[in-house]
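Notes follow once the structure below has been shown.
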Amino acid sequence: MANLYVKKLEGRSGRQLAYRLAYGCDLLEGLQGIVEEEDVRFGSINFLGSVLKARLGYFLVDEKRFITMEQDRLMEILSGMGNVSLKDGRPFIHAHLTLLDQEGRLHGGHLLPGTTVYAGEVFIEEIELPAPPERVYDPVTGLTLWE
Amino acid sequence: MANLYVKKLEGRSGRQLAYRLAYGCDLLEGLQGIVEEEDVRFGSINFLGSVLKARLGYFLVDEKRFITMEQDRLMEILSGMGNVSLKDGRPFIHAHLTLLDQEGRLHGGHLLPGTTVYAGEVFIEEIELPAPPERVYDPVTGLTLWE
Amino acid sequence: MANLYVKKLEGRSGRQLAYRLAYGCDLLEGLQGIVEEEDVRFGSINFLGSVLKARLGYFLVDEKRFITMEQDRLMEILSGMGNVSLKDGRPFIHAHLTLLDQEGRLHGGHLLPGTTVYAGEVFIEEIELPAPPERVYDPVTGLTLWE
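Sequence order for the protein chains is V, P and W.
So the first sequence is residues 10 to 156, counted in the numbering used here.
So the second sequence is residues 10 to 156, counted in the numbering used here.
So the third sequence is residues 10 to 156, counted in the numbering used here.
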């Protein structure tokens with residue numbers, strides 16, 4: 010099935026970590042700080058809550074770079090999903106958000122620094138593996154993916 | 010890292026519960042009834058399916074209260090995410106939904122009573138901890154958060 | 010609580026599988042191929058990444074059939090959620106997607122064949138149970154649900 014996937018990983022459930030994030034902290038820096046502090050090398054992340062403002066990315070395929078969208082107002086986090094894996098030997102967060110504004114409109118994107126927590130409840134499910142994957146630059150997509 | 014989080018919890022994977030909800034049941038009452046029946050004290054929840062109608066909340070920061078949005082029609086649950094923790098000593102559900110209507114528009118919010126199940130597939134991952142967190146009123150945000 | 014749910018399942022955490030999907034593969038065929046290859050009989054799935062194009066379904070209750078929406082452009086996967094269970098004795102994927110286009114608009118639906126992976130990071134949490142549920146046709150909803 011080499012045509013379906015590039016990398017397969019198999020492990021077992023490890024530590025189940027959960028956090029109430031601090032009001033006013035940067036969401037990505039908070040998640041990043043936590044996985045570094047705990048040395049989580051591989052796992053799945055989900056979170057919900059709300060943000061005071063958001064800065065999100067959308068990847069432009071043709072130019073192989075992210076464009077940035079900013080919303081300077083309170084929004085609910087309808088879904089926060091992501092993972093942690095290694096990049097340059099250190100735990101690295103990859104996460105996407107779906108947000109709701111007061112007018113009932115939805116927004117979303119790739120979580121970037123500049124998103125501020127109003128309230129945040131985070132679950133990190135560590136996966137214990139013999140060899141956690143490392144992110145490296147992939148010239149086909151322009152992204153850093155599991156080698 | 011006191012500036013990143015207020016509360017840290019660490020446990021291990023417990024019971025993995027899954028349910029097919031009954032057609033016509035109230036989604037929040039269904040989830041709430043299940044975690045009470047099973048005495049799930051802490052864990053993560055995800056679900057998908059569809060609803061016959063929805064009643065969702067958006068938190069108004071300035072007034073520290075929820076406004077309510079109702080949609081009286083069938084919608085797909087694109088994502089249902091949440092958690093269970095204790096409030097007043099009893100299991101308590103906190104969940105957010107993203108929904109899709111027939112015109113392709115998305116809706117979402119904080120799950121409230123009044124959302125009716127068409128079909129629902131629910132996963133509850135219990136987390137076993139020495140001391141599950143208790144929700145208490147937080148004056149900064151106006152929400153009940155893990156103390 | 011027969012009025013809240015039709016089926017209850019209880020198991021324990023099994024294999025934790027994760028994959029980097031191949032650029033250009035069909036997302037549903039990729040997920041389906043993986044669970045067949047590994048013989049995952051029950052579990053929860055989450056994924057994120059992006060797609061080159063999408064083909065999604067919305068279930069028409071009155072007619073008890075899916076209508077199809079197609080988007081032929083790159084979109085971020087804001088949330089990919091689903092599960093695996095048995096249908097006709099074989100592992101079967103049920104998944105819903107929320108997507109973001111370049112103009113900042115969100116789309117979503119029931120994952121159908123014809124959705125092409127740009128980048129995909131998938132987590133499959135196997136749940137070990139004595140008797141995994143089997144999907145059978147349910148005349149009330151017109152869906153195949155856990156019996």
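Glycine included, C-beta positions come from ideal geometry on N, C-alpha and C.
- Contact between G39 (chain V) and E137 (chain V) is ruled out by a C-beta separation of about 24 Å, above the 8 Å threshold.
- In the structure shown, V44 (chain P) adopts helical secondary structure according to DSSP, grouped into three states.
- G118 (chain W): member of the beta strand (DSSP E) spanning 115-120, first to last residue.
- Under the DSSP assignment, G89 (chain V) falls in the beta strand (DSSP E) whose first and last residues are 84-96.
- Judged by pairs of C-beta atoms under 8 Å, the region 34-54 of chain P does not touch the region 48-62 of chain W, as fewer than three such pairs exist.
- Taking C-beta separations shorter than 8 Å and ignoring five residues to either side along the sequence, the partners of L121 (chain W) in its chain run L37, R64, L65, G66, F75, T77, following chain order.
- In this structure, the CA atom of E72 (chain V) is about 22 Å from the CA atom of R29 (chain W).
- At least one CB of chain P lies nearer than 8 Å to the CB of S22 (chain V).
- If you check each beta-carbon in the region 136-152 of chain P against every beta-carbon of chain V, the ones closer than 9 Å belong to I136, E137, L138, P142, D147, V149, T150, L152.
- Here L87 (chain W) has T107, L109 as same chain residues with Cβ atoms under 6 Å from its own Cβ, once five neighbours each way along the sequence are excluded.
- Annotated three-state conformation of L57 (chain W) is strand, per DSSP.
- Non-local C-beta neighbours of D147 (chain W) in its own chain, meaning closer than 8 Å and more than five positions away in sequence, comprise T153, L154, ordered along the chain.
- Within the region 52-63 of chain W, the residues whose Cβ lies closer than 7 Å to any Cβ of chain V are, in chain order, N55, L57, S59.
- At a cut-off of 8 Å between beta-carbon atoms, G113 (chain V) makes no contact with chain W.
- When CB distances to chain P are screened at a threshold of 8 Å, the residues of the region 13-41 of chain V falling below it are S22, R24, Q25, L26, A27, Y28, R29, L30, A31, Y32, C34, E38, G39, in chain order.
- Cα atoms of V145 (chain V) and I102 (chain V): separation of roughly 14 Å, rounded to the nearest angstrom.
- Against L65 (chain W), chain V offers no close residue; the least beta-carbon distance is about 15 Å (beta-carbon pairs closer than 7 Å).
- L57 (chain P) is classed as buried because its beta carbon has at least 16 other beta carbons within 10 Å across all chains shown.
- Proximity of A128 (chain V) to chain P, defined by a Cβ-Cβ separation below 8 Å, is satisfied.
- In the DSSP assignment, D147 (chain P) falls within the unbroken beta strand (DSSP E) covering 143-147.
- Nearest to N55 (chain W) by alpha-carbon distance, out of W:V149, W:V93, W:R99, W:T124, is W:V93.
- Take the alpha-carbon of K62 (chain P) and the one of L95 (chain V): they are about 43 Å apart.
- Of the residues P:S59, P:G113, P:A27, the one whose Cα lies closest to the Cα of E135 (chain W) is P:A27.
- Assignment of G52 (chain W) by DSSP, reduced to helix, strand and coil, places it in the strand class.
- Annotated three-state conformation of G151 (chain P) is coil, per DSSP.
- It is roughly 33 Å from the alpha-carbon of G123 (chain P) to the alpha-carbon of E112 (chain W).
- Note: D35 (chain P) is bridge-paired with P:T125 in the DSSP secondary-structure output.
- Rounded to whole angstroms, the Cβ separation of F68 (chain V) and S59 (chain W) is 6 Å, and the two are in contact under 8 Å.
- By the criterion of a C-beta distance shorter than 7 Å, R24 (chain P) is surrounded in its chain by E135, once the five residues flanking it on both sides are discounted.
- Under DSSP, E134 (chain V) shares a beta bridge with V:Q25, V:S53.
- What G118 (chain W) touches in chain P, judged by beta-carbon distance under 9 Å, is E85, L87, L109, G113, going in chain order.
- The three-state reading of DSSP puts V70 (chain P) in coil, since its state is none of H, G, I, E or B.
- Between H116 (chain W) and E85 (chain P), the gap from beta carbon to beta carbon reaches 8 Å or more.
- For the set P:D97, P:Y127, P:A140, P:G151, the Cα lying nearest the Cα of E45 (chain P) is the one of P:D97.
- Chain W places a beta carbon closer than 8 Å to that of I43 (chain P), counting this residue as a contact.
- With contacts defined by Cβ atoms closer than 8 Å, A31 (chain V) and Y14 (chain P) form a contacting pair.
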